[in-house]
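S.K.:
Protein chains: 2
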Amino acid sequence: MESRCENCIVRQFNALRAMNKEELKQVSDSKTYKTIKKGEALFEEGEKLDGIYCVRNGVSKLSKLSANGKDQIVKLATKGEVIGQRSVIAEEHTNLRATAVNDMEVCFIPKETITNTMHKNPNFTLEVLRHMAHDLKEADDVIVNMSQKTVKQRVAEAFLYLKNNFGETEDAFLSLTLSREDIANVVGTATESCIRIISEFKKKGYLKTSGKKIGIIDEKGLQNLVNGF
Amino acid sequence: MESRCENCIVRQFNALRAMNKEELKQVSDSKTYKTIKKGEALFEEGEKLDGIYCVRNGVSKLSKLSANGKDQIVKLATKGEVIGQRSVIAEEHTNLRATAVNDMEVCFIPKETITNTMHKNPNFTLEVLRHMAHDLKEADDVIVNMSQKTVKQRVAEAFLYLKNNFGETEDAFLSLTLSREDIANVVGTATESCIRIISEFKKKGYLKTSGKKIGIIDEKGLQNLVNGF
DNA sequence: TTTAAAACATGATATATGTCAGTTTTTGTT
DNA sequence: AACAAAAACTGACATATATCATGTTTTAAA
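Written out as structure tokens, the structure reads:
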């Protein structure tokens, strides 16, 4: 279960790989290990964070709830990704809440450890910056998609995204199973609309389902749809 | 016209304020001054940038053109803001194009100058990081608004945004005059829809217009609309 | 000042998507 | 295995918004 950050594989995927041995030791000594059950929150919108979360296992959704009950998912964070760094860096309250989509294991690293390293090690800061630049690009792309693509295209794109980022099982179902509601909240549409489109995709031979599990049959077909045939 | 960065007021608004005298001198010596006419592009989508642009005057829109001709505006950058840093930091081609909304004066700073400083001065890197964290938050907010608010609410919000970020003239018109098409492209809607809503807001006494100039009469009213009455 | 082009404006209509209401299936728990 | 609760699904309908078509005003250039 618990282990030293120096030996943690997960670290390879995030900015912590730019840390030197001494800095990693400091992280290792100050971190705490946590498990979060499916459905539980890592933090709520508006909270002040005392540190960041490094995901060792499981998936978290970052979302914002509106007055009318809609919960827009802005990002899905998985193994190796870091959650909460935006808030810690800007020294602001969180603008999103983080919820476990399935059971999670995370390491909590106190913000002092992070900020100390950022003031001393420019390579680390630069690495964090690169990751944030990537996140910003993705966010820009989402904005553009929301205004230029139809719901159907965005749903199709969401499945391709899930396949590319989370992979599929041996029996060709998506490894990450989201509820229809969560898919709708990623896409930014109503749950019923999302369900209807999934049914249509099934009829057209793009997808297969088994309970709430979904598998991609015709990736090319979905891709064509995204690109407007 | 031309001047030393050390004395440039604009610098106070961006990450360059975290540079020391020596670093600023380097920027000053390597920068080039450019003017861009209204409608001209600073760079096109997909270009590789050799440096960043620091806006001294005027406003630039960062947008992405879709196949069907829609041009979604993701950000408006004005005096003091830096354009192109995301692309330079991530060492990627630009994902957006930058166009002058009105006549602009900018300083072009070669990327070597920036990356040199980033490797040496953690405070500068951290300051860049803070700005990017802020941009990311704004982008997240836009995503959420796009999915949770109606076009009418988003148009109302756009006018409040324009007032807060660009101010108004003595006769209470917005200082930044955008075409109806540009407003529509900020909001992510059709130009006709945008025009219709402006007409409606005029009738309801929220706005006044004079040619393409627009002024806010009832800020509270617009704000209520944004919040769903 | 005249004129052409661009931008603004409005009506009519089509359509994608949301909402409401109800049924069936799946899931997880005792 | 039985059950309740949650999630998935489907139909009917409402509506916000896009699209097309056309006229008017504004802008900028000759």
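Residue numbers (this note's numbering), protein chains in the order written: chain P, 686 to 914; chain L, 686 to 914. Ideal Cβ placement from N, Cα and C applies to all residues, glycine included. Predicted model only: the values in this text are computed from it and were never measured.
#1: For P/Ile868, would you say it is in contact with chain L, using Cβ-to-Cβ distances shorter than 8 Å as the test?
#2: How would you call L/Gln711, buried or exposed, if buried means at least 16 neighbouring beta carbons within 10 angstroms?
#3: Output the residue ranges of the beta strand (DSSP E) runs that lie fully inside the region 707-736 of chain P and measure 3 residues or longer, sorted by chain position.
#4: What do you get for P/Lys650, buried or exposed, if any count of 16 or more other CB atoms within 10 angstroms of its CB means buried?
#5: Which stretch, first to last residue, makes up the alpha helix (DSSP H) that contains L/Met704?
#6: Does any residue of chain P have a CB that is nearer than 8 Å to the CB of L/Val829?
#7: Among L/Ala783, L/Ile868 and L/Phe886, whose alpha-carbon lies nearest the alpha-carbon of L/Ile901?
#8: State yes or no: is the C-beta of P/Asp867 within less than 8 Å of the C-beta of P/Ile758?
#9: Who pairs with P/Glu842 in a beta bridge, going by DSSP?
#10: What are the residues in the region 754-787 of chain P lying within 7 Å of chain L by C-beta distance?
#11: Report the option in L/Ala700, L/Tyr718 and L/Val829 whose CA atom is closest to the CA atom of L/Ile794.
#12: Nearest-angstrom Cα distance between P/Gly896 and P/Thr862?
#13: Determine, using beta carbons only, whether L/Ile737 and L/Val773 come nearer to each other than 8 Å.
#14: For the region 784-810 of chain P, enumerate the residues whose C-beta is nearer than 8 Å to any C-beta of chain L, in chain order.
#15: Would the region 847-854 of chain L count as touching the region 813-827 of chain L if we require 3 or more Cβ pairs under 8 Å?
#16: What residues in the region 716-747 of chain P have a beta carbon less than 7 Å from any beta carbon of chain L?
#17: Does the region 695-710 of chain L come close enough to the region 799-806 of chain L that 3 or more CB-CB pairs lie under 8 Å?
#18: Determine the direct distance from the alpha carbon of P/Gln697 to that of P/Cys739, and round the result to whole angstroms.
#19: Are at least three pairs of beta-carbons, each pair with one atom in the region 868-881 of chain P and one in the region 831-851 of chain P, less than 8 Å apart?
#20: Under the assumption that L/Asn742 contacts L/Lys723 (Cβ atoms under 8 Å), give the Cβ distance between them as a whole number of angstroms.
#21: Kindly indicate the opening and closing residues of the beta strand (DSSP E) around L/Val759.
#22: Could you spell out the range, first to last residue, of the beta strand (DSSP E) harbouring P/Cys690?
#23: Could you check if P/Thr894 is buried or exposed, using at least 16 other CB atoms within 10 Å of its CB as the buried criterion?
#24: Locate the beta strand (DSSP E) running through L/Lys749, then write down its first and last residues.
#25: Between P/Val744 and P/Val786, is the Cβ-Cβ spacing less than 8 Å?
#26: Which residues mark the beginning and the end of the beta strand (DSSP E) in which L/Lys893 is found?
#27: Measure the C-alpha to C-alpha separation of L/Leu821 and P/Ala762 and round it to an integer number of angstroms.
#28: Would you say P/Met686 reaches chain L, if we count a Cβ-Cβ gap shorter than 8 Å as a contact?
#29: Where does P/Ala857 fall in DSSP's three states?
#30: Counting only the same chain and skipping the five closest in sequence on each side, list residues whose C-beta sits under 8 Å from that of P/Ala843.
#31: So who's on the other strand from L/Asn742, going by DSSP bridges?
#32: If contacts are defined as beta-carbon pairs under 8 Å, then P/Ala783 and P/Ile768 qualify, I think. What distance do you get, rounded to the angstrom?
#33: With DSSP run on the structure shown, which of helix, strand or coil describes L/Ile868?
#34: Identify whether P/Gly900 lies in helix, strand or coil by the three-state DSSP scheme.
#35: Let's test the definition: count the other Cβ atoms within 10 Å of the Cβ of L/Met686 and tell me whether it reaches 16, buried, or not, exposed.
#36: With distances taken between CB atoms, is the gap from P/Ala824 to L/Asp756 smaller than 8 Å?
M.R.: With the given structure in hand:
#1: Residue mapping note: residue 868 of chain P aligns to position 183 of the first sequence, counting from 1. Answer no: the Cβ-Cβ gap between P/Ile868 and chain L never drops below 8 Å.
#2: By 1-based counting over the second sequence, the position of residue 711 of chain L is 26. The residue is buried, with at least 16 neighbouring Cβ atoms inside 10 Å.
#3: 717-721 and 726-728
#4: A question about residue 650 of chain P goes unanswered here, because the residues of chain P that appear run from 686 up to 914.
#5: Against the second sequence, residue 704 of chain L aligns to sequence position 19. Careful: L/Met704 lies outside any alpha helix (DSSP H) and carries neither H nor E.
#6: The residue labelled residue 829 of chain L in the question sits at position 144 within the second sequence. Answer yes: the Cβ-Cβ gap between L/Val829 and chain P drops below 8 Å somewhere.
#7: In the second sequence, the residue the question calls residue 901 of chain L occupies position 216. Checking every option, the nearest Cα to that of L/Ile901 belongs to L/Phe886.
#8: The count along the first sequence starts at 1 and reaches residue 867 of chain P at position 182. The count along the first sequence starts at 1 and reaches residue 758 of chain P at position 73. For P/Asp867 and P/Ile758, yes; Cβs fall inside 8 Å.
#9: Sequence index remark: in the first sequence, residue 842 of chain P carries index 157 (1-based). Partner residues in a beta bridge of P/Glu842, as assigned by DSSP, do not exist.
#10: Lys755, Gln757, Val759, Arg771, Ile774, Ala775, Asn780 and Leu781
#11: Walking along the second sequence from the start, residue 794 of chain L turns up at place 109. The residue with the shortest Cα to Cα distance from L/Ile794 is L/Tyr718.
#12: Looking up residue 896 of chain P in the first sequence gives position 211. Looking up residue 862 of chain P in the first sequence gives position 177. C-alpha of P/Gly896 to C-alpha of P/Thr862: approximately 10 Å in a straight line.
#13: In the second sequence, counting from the first residue as 1, residue 737 of chain L sits at position 52. In the second sequence, counting from the first residue as 1, residue 773 of chain L sits at position 88. The answer is yes: Cβ separation under 8 Å.
#14: Met803, His804, Lys805, Asn806, Pro807, Asn808 and Thr810
#15: no
#16: none
#17: yes
#18: As a first step, residue 739 of chain P must be located in the first sequence, where it is residue number 54. As a first step, residue 697 of chain P must be located in the first sequence, where it is residue number 12. Rounded to the nearest angstrom, the two C-alpha atoms are 12 Å apart.
#19: The way I'd put it, the region 868-881 of chain P does touch the region 831-851 of chain P; three or more beta-carbon pairs between them come closer than 8 Å.
#20: Along the second sequence, one-based indexing puts residue 742 of chain L at 57. Along the second sequence, one-based indexing puts residue 723 of chain L at 38. Not really, about 12 Å apart at Cβ, beyond 8 Å.
#21: Here residue 759 of chain L corresponds to residue number 74 of the second sequence, with the count starting at 1. L/Val759 -> beta strand (DSSP E) spans Asp756 to Ala762.
#22: Start at 1 with the first residue of the first sequence, and residue 690 of chain P comes out as number 5. Careful: P/Cys690 lies outside any beta strand (DSSP E) and carries neither H nor E.
#23: Residue mapping note: residue 894 of chain P aligns to position 209 of the first sequence, counting from 1. That one is exposed.
#24: Reading the second sequence from its first residue, position 64 is the one you call residue 749 of chain L. Unbroken beta strand (DSSP E) run through L/Lys749: Ser745 to Leu750.
#25: Counting from 1 along the first sequence, the entry for residue 744 of chain P is found at position 59. Counting from 1 along the first sequence, the entry for residue 786 of chain P is found at position 101. In contact: P/Val744 and P/Val786 (Cβ atoms closer than 8 Å).
#26: Position 208 of the second sequence, counted from the start, is the residue given in the question as residue 893 of chain L. Counting along the chain, the beta strand (DSSP E) containing L/Lys893 begins and ends at Leu892 to Ser895.
#27: If you number the second sequence from 1, residue 821 of chain L lands on position 136. If you number the first sequence from 1, residue 762 of chain P lands on position 77. Going by the C-alpha atoms only, they are around 16 Å apart.
#28: Counted from its first residue, the first sequence places residue 686 of chain P at position 1. Below a pLDDT of 50, predicted positions are generally treated as unreliable, and P/Met686, at 49, falls in that range; the measurement from the model is reported next regardless. Cβ-Cβ to chain L under 8 Å: no for P/Met686.
#29: Walking along the first sequence from the start, residue 857 of chain P turns up at place 172. Of the three classes helix, strand and coil, the one that applies to P/Ala857 here is coil, per DSSP.
#30: For the purposes of this step, residue 843 of chain P is taken as the residue at position 158 of the first sequence. Excluding positions up to five away in sequence, the list reads Ile868, Val871 and Val872.
#31: Within the second sequence, the letter at position 57 stands for residue 742 of chain L. Answer by DSSP bridge pairing, in chain order: L/Glu790.
#32: Working through the first sequence from its first residue, we reach residue 783 of chain P at position 98. Working through the first sequence from its first residue, we reach residue 768 of chain P at position 83. Their Cβ separation, rounded to whole angstroms, is 6 Å, which keeps P/Ala783 and P/Ile768 in contact under 8 Å.
#33: The sequence position of residue 868 of chain L within the second sequence is 183, counting from 1. Helix at L/Ile868.
#34: Numbered from its first residue, the first sequence carries residue 900 of chain P at position 215. Residue state, collapsed to three classes: strand.
#35: One-based indexing of the second sequence puts residue 686 of chain L at position 1. Unreliable positioning characterises L/Met686 in this predicted model, as indicated by a pLDDT of 49, which lies under 50. The coordinate reading is nonetheless provided below. L/Met686 is exposed by the Cβ-count criterion.
#36: In the first sequence, the residue the question calls residue 824 of chain P occupies position 139. In the second sequence, the residue the question calls residue 756 of chain L occupies position 71. Not closer than 8 Å, so no.
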